[in-house]
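Asker:
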Amino acid sequence: MSWLNNLDRTGSGFWSNSQWYDLHLSRRMPLVNKMIEEMVYACPPSLSPANIYRVADLCCGSGMASLYYLKAYPIVSSLTLIDQSEERLNMAKKRIDTQLESISRRPEIVMCKLQVKCDSQDNVNLKLNGSSNLHPYHLILASLALHVIVGHEKRSLEESKLRYRILFELLFRNLVDDGNGHLIVGDHSGSLGMFEQMKLMEECGFVDVECVWRERDMFVIGGRRRGKDEMS
């Protein structure tokens, strides 16, 4: 038996129910709010010309990360909400619309259904609204997202690495390539530890990979897609 069993979060609850998830998330995981705050603190300000700044919220849930971000940086051109549940997407959009009523310049909000399919080779295929590619983003927020997409099942280290690699490669491809594309991840330890995830990010092409916050099994890490003019 390993002490890492202390980090296993599988157990009772109704996590697939959107209302239950929204009601119990902070109660069951009391560090979530602090984690999301640290994610927003880690985000760079918009450096994109012509006021075009596209943000995606991966596995947005009830929209908590997007709300925190928009309170700090309300002027973005578009916000894409991505989730496997259409019910959670609608909940997130309604919550964000309500919070942004007083803002004169509101971002375009796009809802995007995430489909995850695991094949017999223990691979992970991701499709967003039927496509594997979206518009390139300047910022992708992944709050409690990666371990959900990869899956909770116990598997070998190499199998977990393969799944995370596929996911990081997809996210990397969907960032702008002008040097301003950032991925900010807030999560808890899952089938792959934080440091292994950071190493995989670097192997997939991310630079400036760093951990900005960690408390118990919760952490915030980030990386940037190198710009074309930085290539040697």
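The sequence shown begins at 17 in the working numbering and counts up one residue at a time. Using N, Cα and C, we set each Cβ at its ideal position, and we do this for glycine too.
1. Going by CA-CA distance only, name the one from E174, V48, L116 that's closest to L95.
2. To the nearest angstrom, how far is it from the Cα of I98 to the Cα of T114?
3. Any chance you could list the beta strand (DSSP E) runs of at least 3 consecutive residues sitting entirely within the segment 79-140, in chain order?
4. How long is the line joining the alpha carbons of Y69 and S172, rounded to whole angstroms?
5. Go ahead and pull the three-state DSSP assignment for I68.
6. Are the segment 224-235 and the segment 181-188 touching, with three or more C-beta to C-beta distances below 8 Å?
7. Is the shortest distance between the beta-carbon of H204 and the beta-carbons of chain D less than 8 Å?
8. For Q35, does the count of other Cβ atoms within 10 angstroms reach 16, so buried, or fall short, so exposed?
9. Roughly how many angstroms lie between the CA atoms of N67 and V192, to the nearest whole one?
10. Quick check on the DSSP output: what are the complete alpha helix (DSSP H) runs of length 4 or more inside the segment 159-190, in order along the chain?
Answerer: Let me lay it out:
1. Nearest to L95 by alpha-carbon distance, out of E174, V48, L116, is L116.
2. Taking the straight line joining both Cα atoms gives about 19 Å.
3. Within the segment 79-140, the complete beta strand (DSSP E) runs of at least 3 residues are 94-99, 124-134.
4. Going from the Cα of Y69 to the Cα of S172 covers about 39 Å.
5. I68: coil per DSSP, three-state reduction.
6. When C-beta atoms of the segment 224-235 are compared with those of the segment 181-188, fewer than three pairs fall below 8 Å, so the two segments do not count as touching.
7. Considering every chain present, this structure includes no chain D. It has just one protein chain.
8. Q35 comes out exposed.
9. The C-alpha of V192 is placed about 15 Å away from the C-alpha of N67.
10. Fully enclosed alpha helix (DSSP H) runs of 4 or longer: 162-166, 173-189.
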